[in-house]
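If you read the sequences in order, they're chains A and B. Using the working numbering, you'd call the opening residue of the first sequence number 1 and step up by one each time. Using the working numbering, you'd call the opening residue of the second sequence number 1001 and step up by one each time. Cβ atoms here follow ideal geometry from the backbone N, Cα and C, with glycine treated the same way.
Protein chains: 2
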Amino acid sequence: MTEKFDLHGFLPFVLHHTSEKVSFGFRDIYRDRYRMTRSEWRVLATLGQYGPQTATDIGTRTGLHKTKVSRAVTSIEARRWLKRQQDETDRRIALITLTKQGESAFASLTEAGIIYNKKVRAHLGERDFDALIDLLAKLENM
Amino acid sequence: MTEKFDLHGFLPFVLHHTSEKVSFGFRDIYRDRYRMTRSEWRVLATLGQYGPQTATDIGTRTGLHKTKVSRAVTSIEARRWLKRQQDETDRRIALITLTKQGESAFASLTEAGIIYNKKVRAHLGERDFDALIDLLAKLENM
DNA sequence: AAATTATAGTTACGTCTGTAACTATATCAA
DNA sequence: TTGATATAGTTACAGACGTAACTATAATTT
């Protein structure tokens, strides 16, 4: 007896669909306001939230591939939103730090992010929203 | 008083990160077995699950942009995994149907999909897994 | 110390994607 | 009926991405 496959219960499919849908609304904001890609936004947000760190740290925290991180860092650097300073004792790595302009772009986007997130939370209901966040966090630690 | 932004509670960010992580494992399967892209797999899966339908239907069900659907359909057609037959009364649309080869690729991948999904379900726990699926479904209908 | 292996990060190349413009057909309005 | 608008789907172009190969440096092994 073979089991039946059901797309609605297939997590990679459902998760991706929902993720894209939820991301759209906020993507418009950072794209229209600053012409940023998703990778760039994710790198900026990680630097804003966790402070100065290496490219590898950013990759670990965002789940972005190191080439995406590298390209995003290069392009954000070109806007003067971050600076790199090479580590003296290990010259392979560099500490990446947001500039004041970078911090202020981050502040501007997080302000919009909080509003956006509230909308989603209201739509879904606070209880369900919080439960969802918890479940996703649990899933990330697999 | 300004609220503090927290990436861990920001749904677009968390959702995308988790989605990519969960998708990786299964992506390897359809990529290595058939050299398919994610869009192609999603189109194939939708045709397999819901049967013959138009490109617009596929787009609605997958959330894929119509250009992605168009390209995926063209490339799956080139493998002889689907056929299109133009509607007689509305010649803008075509009904897309899997061939036997398409059905058998779908069967092969869903078999692997069921196994993969079970692993994730076991990891997360059945109760949590089912709760997560329900919450995502609720979110999709926003 | 020299050779080997591992890690951080970048780059080249081909593929995939997003946007906008386009073709073709159908529907609606005057 | 004609003209205007809407819908289905494709395509061109530029930009983003994934893979693998690469450079540079550090750590480990012999």
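Beta-carbon spacing of residue i, residue j below 8 Å
{"i": "B:L1044", "j": "B:A1105", "result": "yes"}
{"i": "A:L114", "j": "A:T54", "result": "Note on residue identity: the sequence assigns Ile, not Leu, to residue 114 of chain A. The answer is no: Cβ separation not under 8 Å."}
{"i": "A:L48", "j": "A:Y116", "result": "As written in the sequence, residue 48 of chain A is Gly, which differs from the Leu given in the question. No, they are not a contact pair."}
{"i": "A:S19", "j": "B:H1016", "result": "yes"}
{"i": "B:G1009", "j": "A:I133", "result": "yes"}
{"i": "B:T1062", "j": "B:T1046", "result": "yes"}
{"i": "A:L135", "j": "B:L1135", "result": "yes"}
{"i": "A:L95", "j": "B:V1022", "result": "no"}
{"i": "A:A131", "j": "B:A1112", "result": "no"}
Residue i (DSSP reduced to helix, strand or coil)
{"i": "A:L64", "result": "coil"}
{"i": "A:I133", "result": "helix"}
{"i": "A:I93", "result": "coil"}
{"i": "B:R1084", "result": "strand"}
7 Å Cβ shell around residue i - same chain, five flanking residues per side excluded
{"i": "A:R80", "result": "T99 and Q101"}
{"i": "A:R27", "result": "R38"}
{"i": "A:R121", "result": "F129"}
{"i": "B:V1069", "result": "V1043, A1055, I1058 and G1059"}
{"i": "A:D87", "result": "I93, A94 and L95"}
is_contact[residue i, chain A] using C-beta, thresh 8 Å
{"i": "B:S1039", "result": "no"}
{"i": "B:E1140", "result": "yes"}
{"i": "B:L1098", "result": "no"}
{"i": "B:G1009", "result": "yes"}
{"i": "B:A1045", "result": "yes"}
{"i": "B:S1108", "result": "no"}
{"i": "B:S1104", "result": "no"}
{"i": "B:L1015", "result": "yes"}
{"i": "B:R1091", "result": "no"}
is_contact[residue i, chain B] using C-beta, thresh 8 Å
{"i": "A:P52", "result": "no"}
{"i": "A:D57", "result": "no"}
{"i": "A:Q49", "result": "yes"}
{"i": "A:R33", "result": "no"}
{"i": "A:T18", "result": "yes"}
{"i": "A:E3", "result": "yes"}
Contact set for residue i: own chain, Cβ-Cβ below 8 Å, skip 5 residues either direction
{"i": "A:F13", "result": "L7"}
{"i": "B:Y1034", "result": "A1105 and L1109"}
{"i": "A:R71", "result": "S39"}
{"i": "A:E77", "result": "K83 and R84"}
{"i": "B:V1073", "result": "V1043, A1055, I1058, L1082, R1084 and I1096"}
{"i": "A:Y50", "result": "D57 and R61"}
6 Å CB neighbourhood of residue i in its chain, flanking five on each side removed
{"i": "B:T1097", "result": "P1052 and K1083"}
{"i": "A:M36", "result": "Y30"}
{"i": "A:W41", "result": "Y30"}
Under 7 Å (Cβ pairs) to chain B, residues found in the segment 59-86 of chain A: T62 and G63
Interface residues of the segment 111-136 of chain A facing chain B [CB-CB below 7 Å]: G113, I114, N117, V120, H123, L124, D128, A131, L132, I133, L135 and L136
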